[in-house]
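Numbering (this note's numbering), first residue to last: 3 to 192. Idealized CB from N, CA, C, for every residue including glycine. Here the structure is a predicted model, which is why all the values come from computation and not from measurement. Below is one structure, written out as structure tokens; the observations come after it.
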Amino acid sequence: MKKLFLIIGAPGSGKTTDAQLIAKNNADSIVHYSTGDLLREEVASGSEQGKIIDGFISKGNLVPLDIVVSTIVKAMANAPKDVIIIDGYPRSVEQMEALDEKLKAQSEVKLISVIEVEVSESVARDRVLGRARGADDNAEVFNNRMQVYLSPLKEIEAFYTQSNVLYRINGERSIEAIVSEMEAFIKSKI
Numbered sequence: 003m004k005k006l007f008l009i010i011g012a013p014g015s016g017k018t019t020d021a022q023l024i025a026k027n028n029a030d031s032i033v034h035y036s037t038g039d040l041l042r043e044e045v046a047s048g049s050e051q052g053k054i055i056d057g058f059i060s061k062g063n064l065v066p067l068d069i070v071v072s073t074i075v076k077a078m079a080n081a082p083k084d085v086i087i088i089d090g091y092p093r094s095v096e097q098m099e100a101l102d103e104k105l106k107a108q109s110e111v112k113l114i115s116v117i118e119v120e121v122s123e124s125v126a127r128d129r130v131l132g133r134a135r136g137a138d139d140n141a142e143v144f145n146n147r148m149q150v151y152l153s154p155l156k157e158i159e160a161f162y163t164q165s166n167v168l169y170r171i172n173g174e175r176s177i178e179a180i181v182s183e184m185e186a187f188i189k190s191k192i
């Protein structure tokens, strides 16, 4: 059975970087998928689905539920390793419930933990606007993405706390400290 770890956090919390480093350090046993990267790959492919996705991402809005869930389920099914880290998911209560339903309906993948990388809004803003990787890294889009992240957060935290799988990490430390704690936690669960 594959073991799934979800990493959530505000835009700029470092969740993708953390997950990439952990997967790189454990390339023999852990595979990492960023929801954003999976969706951007689809956009880059020029497919019809990619054009639909781009219409949402370019404005900082959520991609429709069925598209995101099918993208993630496909990635998990094709994962070459038994430990899967997915960052940036879920971003809504609907995404959380849809994944929960999919996971309950099968026995190949088990959700082990949801790791929340906690950072203040000001730290997140400074990081995102400081990196400006693309057209979606400006103040207006950041503010929208932050609201999209914060709006369902309490409900997502409550759901995963009740399921006894939520683990919080202070994301305002050095990358080394965060990765070290997160990696040790993941290894303790596999």
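Simplified DSSP state of residue i, which is helix, strand or coil
i	result
Arg93	coil
Gly16	coil
Ile192	coil
Proximity to residue i [Cα-Cα], best of the options
i	options	result
Asn63	Val45, Arg93, Leu101 and His34	Arg93
Ile2	Glu185, Phe161 and Ser165	Outside the modelled stretch of the chain, which goes from 3 to 192, sits residue 2, for which no answer is possible.
Thr37	Gly11, Asn28, Glu159 and Ser31	Gly11
Met3	Ile117, Gln108, Tyr169 and Ala160	Gln108
Asn28	Val45, Lys17, Ile59 and Lys83	Lys83
Val80	Asp128, Tyr35, Tyr91 and Ser165	Going by the sequence as given, residue 80 is Asn instead of Val. Residue Tyr35 is the option with its Cα nearest to Asn80.
Gln149	Thr19, Lys61, Ile32 and Lys53	Lys61
Distance CB(residue i)-CB(residue j) smaller than 8 Å
i	j	result
Pro203	Val71	Outside the displayed span of the chain (3 to 192) sits residue 203, for which this structure offers no information.
Ile180	Val143	no
Ser15	Val121	yes
Ala141	Leu152	no
Ile87	Ile24	yes
Ile9	Met98	no
Ile1	Lys17	Because the chain is modelled from 3 through 192, residue 1 falls outside the range shown and cannot be assessed.
Val65	Leu41	yes
Val85	Ile192	yes
Tyr162	Phe187	no
Nearest-angstrom beta carbon gap, residue j and residue i [assumed within contact, 8 Å]
i	j	result
Ile69	Ile55	6 Å
* Return the chain-ordered ranges of every beta strand (DSSP E) run that is complete within the region 21-104 and spans a minimum of 3 residues. => If you keep only unbroken beta strand (DSSP E) runs of at least 3 residues inside the region 21-104, you get 32-36 and 85-89.
* Mind listing, in chain order, the continuous beta strand (DSSP E) runs of no fewer than 3 residues lying wholly within the region 111-181? => Here the runs fully enclosed are 111-120 and 168-172.
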